[in-house]
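Chains as they are written, first to last, in the working numbering: chain A, 3 to 300; chain B, 312 to 635; chain C, 429 to 680. Glycine residues also receive a C-beta, built at the ideal position from the N, C-alpha and C atoms. A quick note: this is a predicted structure, and the numbers were derived from the prediction, not measured.
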Amino acid sequence: MNTVFTILVDGVTYASWLFIVALGLTLVFGVLKILNIAHGSFYALGAYAAASFVGWAASMHWAPAFSLVAMLLAAVVVAAVVAPLTERGLLRFFYGRDEVLLVLVTYAMFLILEDVTKLVWGTNPYYVSEPYGLFGNLNVGVQTWVGYDFALVALAVIVGLLVWWGLNRTRQGKIVLAVIHSAEVAASMGVNVSRVYMLAFSVGIFLAALGGAFTAPMISVQPGVSVGVIIVSFAVVIIGGLGSIEGAAVGALIVGLARSLAVHTAPVAELFSIYIVMAVVLVFRPEGLFQRTQARKI
Amino acid sequence: MDSSPAKPTDSATPARRRIASAGLGVFALLAVAGFFSPKWLTFLVTMAAANGLVSLGIVGLMRGGVVPFGQGMSFAIGGYTAALLFNKLGLTDALALPFAGGLVAVVIAVPFAPLLSRYRGIFFAMLTLALSMVTYGLLMKLELLGGSDGFNLGRPTLLGRKLPDARVGYILYLVTIGVATVMALLARAYFDSTRGLVTLAVRENELRVEYLGGSVRQAMAINFVLAAFCGGLGGALVVMSLGHIEPNFSFWTTSGEFVFVAILAGWQSVAAVFVASTVLEVVRSFSSAYFPNTWQLALGLFLLFVIRFLPRGIGSLWMKGSAR
Amino acid sequence: MTRMLEAHGVGKRFGAVVAAADIDIRIAAGERVSLIGSNGAGKTTFVNMITGYLKPDAGRIVFDGQDITDLAPRAITRLGVARSFQIPQLYGDLTVLDNMLVANACHEQRLSFWQPARRRSALDRADALLERFRLAEHRERRVAELPGGVRKLLDIAMALTAAPKLLLLDEPTSGVSAEEKFPMMDTIMAALGEQAMTVLFVEHDMDIVERYASRVVAFYSGGIIADGAPREALASDDVRRYVTGELLQEPA
Numbered sequence: 003m004n005t006v007f008t009i010l011v012d013g014v015t016y017a018s019w020l021f022i023v024a025l026g027l028t029l030v031f032g033v034l035k036i037l038n039i040a041h042g043s044f045y046a047l048g049a050y051a052a053a054s055f056v057g058w059a060a061s062m063h064w065a066p067a068f069s070l071v072a073m074l075l076a077a078v079v080v081a082a083v084v085a086p087l088t089e090r091g092l093l094r095f096f097y098g099r100d101e102v103l104l105v106l107v108t109y110a111m112f113l114i115l116e117d118v119t120k121l122v123w124g125t126n127p128y129y130v131s132e133p134y135g136l137f138g139n140l141n142v143g144v145q146t147w148v149g150y151d152f153a154l155v156a157l158a159v160i161v162g163l164l165v166w167w168g169l170n171r172t173r174q175g176k177i178v179l180a181v182i183h184s185a186e187v188a189a190s191m192g193v194n195v196s197r198v199y200m201l202a203f204s205v206g207i208f209l210a211a212l213g214g215a216f217t218a219p220m221i222s223v224q225p226g227v228s229v230g231v232i233i234v235s236f237a238v239v240i241i242g243g244l245g246s247i248e249g250a251a252v253g254a255l256i257v258g259l260a261r262s263l264a265v266h267t268a269p270v271a272e273l274f275s276i277y278i279v280m281a282v283v284l285v286f287r288p289e290g291l292f293q294r295t296q297a298r299k300i
Numbered sequence: 312m313d314s315s316p317a318k319p320t321d322s323a324t325p326a327r328r329r330i331a332s333a334g335l336g337v338f339a340l341l342a343v344a345g346f347f348s349p350k351w352l353t354f355l356v357t358m359a360a361a362n363g364l365v366s367l368g369i370v371g372l373m374r375g376g377v378v379p380f381g382q383g384m385s386f387a388i389g390g391y392t393a394a395l396l397f398n399k400l401g402l403t404d405a406l407a408l409p410f411a412g413g414l415v416a417v418v419i420a421v422p423f424a425p426l427l428s429r430y431r432g433i434f435f436a437m438l439t440l441a442l443s444m445v446t447y448g449l450l451m452k453l454e455l456l457g458g459s460d461g462f463n464l465g466r467p468t469l470l471g472r473k474l475p476d477a478r479v480g481y482i483l484y485l486v487t488i489g490v491a492t493v494m495a496l497l498a499r500a501y502f503d504s505t506r507g508l509v510t511l512a513v514r515e516n517e518l519r520v521e522y523l524g525g526s527v528r529q530a531m532a533i534n535f536v537l538a539a540f541c542g543g544l545g546g547a548l549v550v551m552s553l554g555h556i557e558p559n560f561s562f563w564t565t566s567g568e569f570v571f572v573a574i575l576a577g578w579q580s581v582a583a584v585f586v587a588s589t590v591l592e593v594v595r596s597f598s599s600a601y602f603p604n605t606w607q608l609a610l611g612l613f614l615l616f617v618i619r620f621l622p623r624g625i626g627s628l629w630m631k632g633s634a635r
Numbered sequence: 429m430t431r432m433l434e435a436h437g438v439g440k441r442f443g444a445v446v447a448a449a450d451i452d453i454r455i456a457a458g459e460r461v462s463l464i465g466s467n468g469a470g471k472t473t474f475v476n477m478i479t480g481y482l483k484p485d486a487g488r489i490v491f492d493g494q495d496i497t498d499l500a501p502r503a504i505t506r507l508g509v510a511r512s513f514q515i516p517q518l519y520g521d522l523t524v525l526d527n528m529l530v531a532n533a534c535h536e537q538r539l540s541f542w543q544p545a546r547r548r549s550a551l552d553r554a555d556a557l558l559e560r561f562r563l564a565e566h567r568e569r570r571v572a573e574l575p576g577g578v579r580k581l582l583d584i585a586m587a588l589t590a591a592p593k594l595l596l597l598d599e600p601t602s603g604v605s606a607e608e609k610f611p612m613m614d615t616i617m618a619a620l621g622e623q624a625m626t627v628l629f630v631e632h633d634m635d636i637v638e639r640y641a642s643r644v645v646a647f648y649s650g651g652i653i654a655d656g657a658p659r660e661a662l663a664s665d666d667v668r669r670y671v672t673g674e675l676l677q678e679p680a
């Protein structure tokens, strides 16, 4: 019973930051029809920025709780700076081109950002572990759970609800939904599709950076972090269905639990369990569990 | 171009002979040049040729309109096959190992070919990616195959003879560029063949191909298997010269580099693939030495430039006429 | 007389729309049949069911004695049915010659990994057809750069590469200027000439129909309202009311 609980908790905590990141990825695909390989790089930027901001806050001897604000701020700054640069400065020149071509453009972005990160922050790992202790520990029998992990779950839930509410209950959100459905039709109805693209992309990057910022206390922030994140995020959005919020949530849970199950019961499968699920979904239900896009299949 | 309807003077055979002679000429040139070159240069060209083979397989698929993001799988399979045969079975011949690598990669690819032949676009890319990551995961965790460290292999032999210390690099270089030349000529012949032409048609208008009686799925499945052979071949050749194999061969970033070369080369010229592969090796080597934190930046910018301004790749710079 | 194509009770609906209702046709070898009808009458649906693009909900389609109702387009093509398209389906990036070579290659029973696409026998076949369609001068030009009329002819020439027993032409003269229509049909018919090929062509221009069809089948609302020699069919009240618009329809 203990193991089952452990597996569940581990799976859900892993799923929570993954959900935040995958949500950004799926949103960008849903609106702009771009599968962004560089999404993991924005995650990394969020993590590095958080490391810097938290470090700066600590050097100013501000209250530890302020580090949470610093992390949030890091995500906001990353989105505010990088989103316009990449979307206006690069991506928009390739809109309307073949979807795989756009993936290649984002691959180029990933390569560029890998080195940009190294140039700005160097190659040594950053450890920003102070915030990890902010929420104390929970002792249940022999198991010790870190409060921060649960706070992350709470954050994921809040983010998910906010995005859902924003898309479905606000006027601006409904416009975004219209563009997701058909950019052409929306444009012919007077929607400023460019602005919607800009907005969606910024939110997408923000979410990636947010995931990175709040995961930073749990990892060592170093070059190469983006590489693992993007591939797992791909698995999530493929399983859940490209462009679907519910899909990102369910996909993240499936991936988190699959990995957790593997780690605790069959460690040899830890790395490939996720991708087997991804492959199986692609074979039997390529649109994912919550269909939004039609799979290009013959 | 002469527009009179008189009997056309072009014919395939003289063209083929010309290409074959050119290929042999290039091989001879490289062989001689390699004899006098420093070791690091022959090693660089060896890697470029072997890696180029993997990208050649990708180009074959791109001619049919899909971009695989999982060529690392065949690459790793070829490499591990060669390394395992060397270490466990004592098969050390420098010509047999690559062939074995290609063969095993084909055997593993064949069951997936009919499935993959039904996918296009992002889903094709993602499925090939997933398969290569499953392979990576397996390789990382299986201690039998060396786990995350991989393992080493020793010096190959050639036709039963041990290779002398001083000349090992050069001989492996000859083997690699020899195999690459043969594969390049075969690829050119295949691209110019009826199957090759149907592949190009599939890329542009699948519907019409079916309505003309051709099979789109068969074309794509075959291209996938051929790409697997190229990948396995390249993987084994790399491993022989590198002396080491590890799971990273199957990681998505490795596949990404092969795609980079294929995009850079374009799908019109076979020679362009090897030129592009050499460019990557040069950038990788020099940048690692002098600008370790900027070579990916350079690659990324380069890729953007090619996508934007040379969408048909560098091959389009010298292949004139229609897209063949 | 050989029955080339038969439809028995063929029906097809798309939701509430009846695209075909109980269609019965028998077409003999060598006939030149024109399918007429206003847009949405069911002619294209019928053609699509013959070629295997759509599956009928009811009935059977028999080609040259073989039931093709459930076959895929590729299988039907290999049996001897070829079609051209209203919007020419070509390979824009390739030359006219290469387009013909593709058609030739697709038709071949055993494709080759080695034999060049541009070998003598293939080139001769392609050139012969290009000659018949008066397209030889465009041989080396990229298809994307060619004018509409030439593209339509190429589309048909490609369909003919397979030497089909049944040729379906989907609006062969649509998009072509009035002066070009007759010369174009002349070229096409001449190119078909020697073989007693069965031809079905969907056509809106009644002058073309009268001149080139040996039989007219008129569609309306998914059903056949007339089937006979052009003179009689085009003079029938139903056709004049529902197809050519010569008789005004009664207000509902």
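Counterpart residues of residue i in DSSP-defined beta bridges
{"i": "A/Ile-147", "result": "Correcting the residue identity first, residue 147 of chain A is Trp in this sequence and not Ile. Beta-bridge pairing links A/Trp-147 to A/Leu-140."}
{"i": "C/Gly-651", "result": "C/Tyr-648"}
{"i": "C/Thr-626", "result": "C/Leu-594"}
{"i": "C/Leu-463", "result": "C/Val-630, C/Val-645"}
{"i": "B/Asn-463", "result": "B/His-555"}
{"i": "C/Arg-570", "result": "C/Thr-523"}
{"i": "C/Ala-448", "result": "C/Lys-440"}
Sequence-distant residues of the same chain with beta carbon closer than 6 Å to residue i, five excluded per side
{"i": "B/Leu-402", "result": "Leu-396"}
{"i": "B/Gly-507", "result": "Tyr-501"}
{"i": "B/Ala-317", "result": "Note on B/Ala-317: pLDDT 42, under 50, position unreliable in the model; the coordinate value appears next. Nothing meets the Cβ criterion."}
{"i": "B/Glu-557", "result": "Gly-461"}
{"i": "A/Val-107", "result": "Phe-96"}
{"i": "C/Ala-624", "result": "Gly-458"}
Within 7 Å, strictly: CB atoms of residue i and residue j
{"i": "B/Val-550", "j": "B/Ala-405", "result": "no"}
{"i": "A/Gly-213", "j": "A/Val-80", "result": "no"}
{"i": "C/Ala-448", "j": "C/Val-438", "result": "yes"}
{"i": "C/Val-509", "j": "C/Arg-643", "result": "no"}
{"i": "C/Tyr-519", "j": "C/Asn-527", "result": "yes"}
{"i": "C/Thr-523", "j": "C/Arg-570", "result": "yes"}
{"i": "B/Met-531", "j": "B/Ser-580", "result": "no"}
{"i": "A/Gln-174", "j": "A/Gly-243", "result": "no"}
Exposure of residue i, with buried meaning 16 or more beta-carbon neighbours within 10 Å
{"i": "B/Arg-478", "result": "exposed"}
{"i": "C/Gly-665", "result": "The identity of residue 665 of chain C in the sequence shown is Asp, whereas the question assumes Gly. Exposed, since its Cβ has fewer than 16 Cβ neighbours within 10 Å."}
{"i": "A/Arg-197", "result": "exposed"}
{"i": "A/Val-282", "result": "exposed"}
{"i": "C/His-535", "result": "buried"}
{"i": "A/Ile-182", "result": "buried"}
{"i": "A/His-63", "result": "exposed"}
{"i": "C/Met-477", "result": "buried"}
{"i": "C/Gln-494", "result": "exposed"}
Same chain only: Cβ atoms within 8 Å of residue i, ignoring 5 sequence neighbours per side
{"i": "B/Ser-633", "result": "Caution applies to B/Ser-633, whose pLDDT of 44 falls short of 50 and renders its modelled position unreliable; the value that the coordinates give is listed next. Answer for B/Ser-633: no residue qualifies."}
{"i": "B/Gly-363", "result": "Ala-491, Gly-545, Val-572, Val-584, Phe-585, Ala-587, Ser-588, Thr-589"}
Same chain, Cβ closer than 7 Å to residue i, five either side skipped, listed in chain order
{"i": "B/Pro-622", "result": "none"}
{"i": "A/Leu-154", "result": "Thr-15, Ser-18, Trp-19, Phe-216"}
{"i": "B/Asn-559", "result": "Thr-565"}
{"i": "B/His-555", "result": "Gly-461, Asn-463"}
Length of the line joining the Cα atoms of residue i and residue j
{"i": "C/Pro-575", "j": "C/Ala-554", "result": "20 Å"}
{"i": "A/Ile-9", "j": "A/Thr-267", "result": "9 Å"}
{"i": "A/Ala-51", "j": "A/Leu-263", "result": "32 Å"}
{"i": "B/Met-373", "j": "B/Gly-432", "result": "11 Å"}
{"i": "B/Ser-314", "j": "C/Arg-547", "result": "Low local confidence applies: a pLDDT of 41 at B/Ser-314 is under 50, so the model's placement there is unreliable, with the coordinate-based value given in what follows. Those two C-alpha atoms are separated by around 20 Å."}
{"i": "B/Gly-371", "j": "A/Ile-276", "result": "29 Å"}
{"i": "C/Ala-486", "j": "C/Ala-503", "result": "20 Å"}
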